[in-house]
Every structure is written in C-alpha cells, then in structure tokens.
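A.B. asks: Those protein sequences? They're chains A and B, same order as listed.
In terms of this note's numbering, the first sequence has 64 at position 64, counting the first letter as 1, and numbering is strictly consecutive.
Residues are numbered in this note's numbering as their position in the second sequence, beginning at 1, plus a constant of 1000.
Glycine included, every Cβ here is placed at the ideal spot set by N, Cα and C.
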Amino acid sequence: TQLLEQSPQFLSIQEGENLTVYCNSSSVFSSLQWYRQEPGEGPVLLVTVVTGGEVKKLKRLTFQFGDARKDSSLHITAAQPGDTGLYLCAGGTDKLIFGTGTRLQVFP
Amino acid sequence: ETGVTQTPRHLVMGMTNKKSLKCEQHLGHNAMYWYKQSAKKPLELMFVYSLEERVENNSVPSRFSPECPNSSHLFLHLHTLQPEDSALYLCASSQEFVRLSGNTIYFGEGSWLTVV
Chain A
1 TQLLEQSPQF LSIQEGENLT VYCNSSSVFS SLQWYRQEPG EGPVLLVTVV
51 TGGEVKKLKR LTFQFGDARK DSSLHITAAQ PGDTGLYLCA GGTDKLIFGT
101 GTRLQVFP
Chain B
1001 ETGVTQTPRH LVMGMTNKKS LKCEQHLGHN AMYWYKQSAK KPLELMFVYS
1051 LEERVENNSV PSRFSPECPN SSHLFLHLHT LQPEDSALYL CASSQEFVRL
1101 SGNTIYFGEG SWLTVV
C-alpha cells in the first residue's frame, strides 16, 4: 500500500516566519501534487512536479521533488495569514494517493 | 467559483433516513469522483466515473450508492448510514480519467454530513 506521510501534522507560526512542510513515502511516484484547502472549501491544486530534483516557485512558495521521486517539500517564505489552511500532497502511479495533511495557522 | 458545485453544503440525517448529495461540474470534464475526508484520515477515494461509467469502487459500503446520469452530474445516495460516516464528502472532476497520476483534479467545496 502506498502511503504519503506529511510532517509536521500541525504548525502554528507568526506572520513573517518561514516554514517547510515535508511529504515522504517509501514508494516512487511518477509525479507529485500539492493542494491547499482553506476552511470550508475543497482542496485547490497549487503545483505539480514531475521530474526528480525539480524545483518550482509560486510567489513565496517553493516546491521541490526529491531526486528519487519518493518525497517532496513545500517551503513558504514570510508566511501571511492568508496562507492558513490544510496543505495536502498527492502522488501515485496508477492512481492519486493523498497525504495525511499539514494544518498551518499563521497568526497576524 | 471552482466549476464544481455541490449541494447541500451541510446535511444532518438520522441513521434510518435516505438522502442524496448532488454534484455538478461546469468544466466539460469527462471524469468525476467522490472523495471522503474525515478528521483523522487522509482523503479517501470512494468512486470514479469516466464518461458515465463507473471505473473504480474502492471497497465502499453498499449504504453509499453513486449515480452518474450524464458527464456533468454525479450523485451519492445515502441510506442507513452510521455515525462514523459523518465526514466531508468532496466531489471532483478532471478532463479525463487516466490511471497515471498528474491528472489535474478540480474539487467542489464539499458537503458536510453529520449522521445522528
């Protein structure tokens, strides 16, 4: 069974701080996606990474796919209250598997 | 506005009730999905429809019954549910259903279900 473990599970920080969220698996994925889910909403796709070692930037968010395509990280620079939400990674080979999620709270 | 609309947004039902969740996508997609999101579990895929044919059914109890009358609409019929079925039920769609990951999935806002 493919599992995607995310860490930390919960994160509370002050506005302006930096943070990194990790997504790890023992399985190799053909690609990996990151979603953000705000309270009361469905998940929204942020990025898809497909190549081992690939780095993608989306404003203050930096996504990296591990060289072996088993893990990924999401780094947020100078977090803002609008970044608050549940961050989900998702990967798979024959179907999309979602991670356990990281719940981020950014306080003003 | 995500292009995927779910109704109702909130539903409270007794264990002997029969109710339905509705999903409509306005994106012209060919694949539609039902996911279950519980507090302490990863997002779980329940059903997948591609071109109105069910292509995946992940060991979901028969008290959940999906229906896809056309490529724009998806229903989840609920009957004799248990309290542990209380969760957020998310509908989603994608252009095509392909078994390889990387397919972009668009989610609705979800229907919060409470079984009492």
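1) Is the CB of proline 1042 of chain B under 7 angstroms away from at least one CB in chain A?
2) Residues of chain B with CB closer than 7 angstroms to the CB of proline 8 of chain A, please, in chain order.
3) For the beta strand (DSSP E) containing glutamine 9 of chain A, name the first residue and the last one.
4) If you measure from the beta carbon of threonine 100 of chain A to each beta carbon in chain B, is any gap under 7 angstroms?
5) Quick one: using the 10 Å Cβ neighbour count with 16 as the cut-off for buried, is lysine 1036 of chain B buried or exposed?
6) Counting C-beta neighbours from all protein chains within 10 Å, is the total for serine 1094 of chain B 16 or more, i.e. buried, or is it exposed?
7) For alanine 1031 of chain B, count neighbouring C-beta atoms within 10 Å of its own C-beta (all shown protein chains included) and say buried if the count is 16 or more, exposed if not.
8) What does DSSP give as the partner residue(s) for leucine 32 of chain A in the beta ladder?
9) So the candidates are B/Met1015, B/Val1115, B/Lys1022 and B/Gly1014; which of them puts its Cα closest to the Cα of proline 1008 of chain B?
10) Measuring CB to CB, does leucine 74 of chain A end up less than 7 angstroms from leucine 11 of chain A?
11) Determine which residues of the stretch 41-59 of chain A have a Cβ less than 8 angstroms from any Cβ of chain B, and write them out in chain order.
C.D. replies: The short version:
1) In the second sequence, the residue the question calls residue 1042 of chain B occupies position 42. Cβ-Cβ to chain A under 7 angstroms: yes for proline 1042 of chain B.
2) Working through the first sequence from its first residue, we reach residue 8 of chain A at position 8. Chain B residues near proline 8 of chain A: none, gap ~15 angstroms exceeds 7 angstroms.
3) Within the first sequence, numbered from 1, the residue matching residue 9 of chain A stands at position 9. Glutamine 9 of chain A -> no beta strand (DSSP E), and no H or E assigned at all.
4) Counted from its first residue, the first sequence places residue 100 of chain A at position 100. Closer than 7 angstroms: yes.
5) Working through the second sequence from its first residue, we reach residue 1036 of chain B at position 36. Buried, since its Cβ has 16 or more Cβ neighbours within 10 Å.
6) Residue numbering aside, residue 1094 of chain B sits at position 94 when the second sequence is read from its first letter. Serine 1094 of chain B should be labelled buried.
7) The sequence position of residue 1031 of chain B within the second sequence is 31, counting from 1. Burial call: buried.
8) For this step, residue 32 of chain A is matched to residue 32 along the first sequence. Partner(s): A/Val49 and A/Gly91.
9) The count along the second sequence starts at 1 and reaches residue 1008 of chain B at position 8. Minimum Cα distance to proline 1008 of chain B is reached at B/Lys1022.
10) As a first step, residue 74 of chain A is located in the first sequence; it is residue number 74 there, counting from the start. As a first step, residue 11 of chain A is located in the first sequence; it is residue number 11 there, counting from the start. Going by C-beta atoms, leucine 74 of chain A is not nearer than 7 angstroms to leucine 11 of chain A.
11) Glu41, Gly42, Pro43, Val44, Leu45, Thr48 and Val50
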